[in-house]
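J.:
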Amino acid sequence: GEGAMAYTLREPPYALDALEPHMSKSTMEFHWGKHHQTYVNNINTATEGKPEADLSVEDLMLKAWKEGAGGLFNNAGQVWNHDFFWEGMKPNGGGQPSGKLMDRIVASFGSFDEFCAKFKAAGAPGPAFGSGWIWLVENGGALEIQFTSNAENPLASGTGKPLLTYDVWEHAYYLDHQNLRPRYINVFMEHLVDWDKVAERLGAISSL
1247 GEGAMAYTLR EPPYALDALE PHMSKSTMEF HWGKHHQTYV NNINTATEGK
1297 PEADLSVEDL MLKAWKEGAG GLFNNAGQVW NHDFFWEGMK PNGGGQPSGK
1347 LMDRIVASFG SFDEFCAKFK AAGAPGPAFG SGWIWLVENG GALEIQFTSN
1397 AENPLASGTG KPLLTYDVWE HAYYLDHQNL RPRYINVFME HLVDWDKVAE
1447 RLGAISSL
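Quick note, the sequence shown lines up with residues 1247 to 1454 if you use the working numbering.
(1) Please list the terminal residues of the continuous alpha helix (DSSP H) segment that includes residue 1331.
(2) Quick check for students: name the residue ranges of the alpha helix (DSSP H) that lie wholly in the region 1399 to 1453, counting only runs of 4 or more.
(3) In chain order, what are the residue ranges of uninterrupted alpha helix (DSSP H) at least 4 long that sit wholly in the region 1331 to 1375?
(4) Under the DSSP definition of a beta bridge, which residues are partnered with residue 1299?
(5) Could you tell me whether the region 1315 to 1326 touches the region 1278 to 1287, where touching means 3 or more Cβ pairs closer than 8 Å?
(6) Within a Cβ cutoff of 7 Å, which residues of the same chain sit near residue 1255, ignoring the five residues on either side of it in sequence?
(7) Indicate the three-state DSSP secondary structure (helix, strand or coil) for residue 1390 in the structure shown.
(8) Looking at the secondary structure, which residues open and close the beta strand (DSSP E) in which residue 1384 lies?
(9) Pick from 1319, 1310, 1293 and 1380: whose alpha carbon is nearest that of residue 1418?
(10) Exposed or buried, what is residue 1188 when buried is set at 16 or more other beta-carbons lying within 10 Å of its beta-carbon?
(11) When DSSP labels each residue in this structure, what does residue 1395 get in the three-state scheme?
(12) Taking residue 1337 as the reference, give the member of 1440, 1450, 1451 and 1446 with the closest Cα.
(13) State yes or no: is the C-beta of residue 1444 within less than 7 Å of the C-beta of residue 1407?
(14) For residue 1421 versus residue 1273, is the C-beta distance shorter than 7 Å?
(15) Helix, strand or coil for residue 1263? Go by DSSP, reduced to three states.
(16) Hey, residue 1361 and residue 1413: beta-carbon distance below 7 Å or not?
(17) In whole angstroms, what is the alpha-carbon distance linking residue 1367 and residue 1295?
(18) Within the continuous alpha helix (DSSP H) that includes residue 1270, where are the two ends?
(19) Between which two residues does the alpha helix (DSSP H) holding residue 1293 run?
(20) Within a Cβ cutoff of 7 Å, which residues of the same chain sit near residue 1392, ignoring the five residues on either side of it in sequence?
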């Protein structure tokens, strides 16, 4: 109706305190409740009264990328990235995947441990420098690890189909871990990753 915002902040699939002690309620309140909300507010402002307001966040992001609309892309990309990030975690997460996903990880990286070592190292010491995202993607039949700067993601740039991501913007971990990015990454892998969700995403790609 009149004055209704086209885009709303999507809630994570768990309560804001559900990931404690591994990701604190205060981190969720700031990161989801403030940072993520700001990106949503920004795309509402940018699309108000325009036909773009009818697009999904994903389509808005892809359109902005294709058209080189940097400001709009940065905000739409960040809305999409954060939704994808929250949905890739769960209370009592971590552990190891099984089935087809595990087979694909072993085929691409040699072992699950080798994958974990590489996936963690991508975020610290890097290639990740400054703000951005670390991704596990499916690309041409193989699984790959990629780093994207700022709001960029493999879906927009066409470098692969995203399966899992973790955020290496400093606001993702500063309240819980201060400057200790490696500690945050370890906690993410050991206690937060929802491998069932990653397997579901892989299944959706495999069935296309």
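Idealized CB from N, CA, C, for every residue including glycine.
As the structure is a prediction and not an experimental result, all values here were calculated from the model.
T.: On the basis of the coordinates in this document:
(1) 1316 to 1333
(2) 1400 to 1403, 1420 to 1423, 1427 to 1433 and 1441 to 1452
(3) 1345 to 1355 and 1358 to 1369
(4) DSSP, once it has assigned bridges, lists no residue as partnering residue 1299.
(5) yes
(6) 1282, 1283 and 1286
(7) strand
(8) 1378 to 1385
(9) 1380
(10) The chain is shown only over 1247 to 1454; residue 1188 falls outside these bounds and no answer can be derived.
(11) strand
(12) 1440
(13) no
(14) yes
(15) coil
(16) no
(17) 44 Å
(18) It is not in any alpha helix (DSSP H) - residue 1270 carries neither H nor E in the DSSP assignment.
(19) 1283 to 1293
(20) 1381, 1383, 1400, 1405 and 1406
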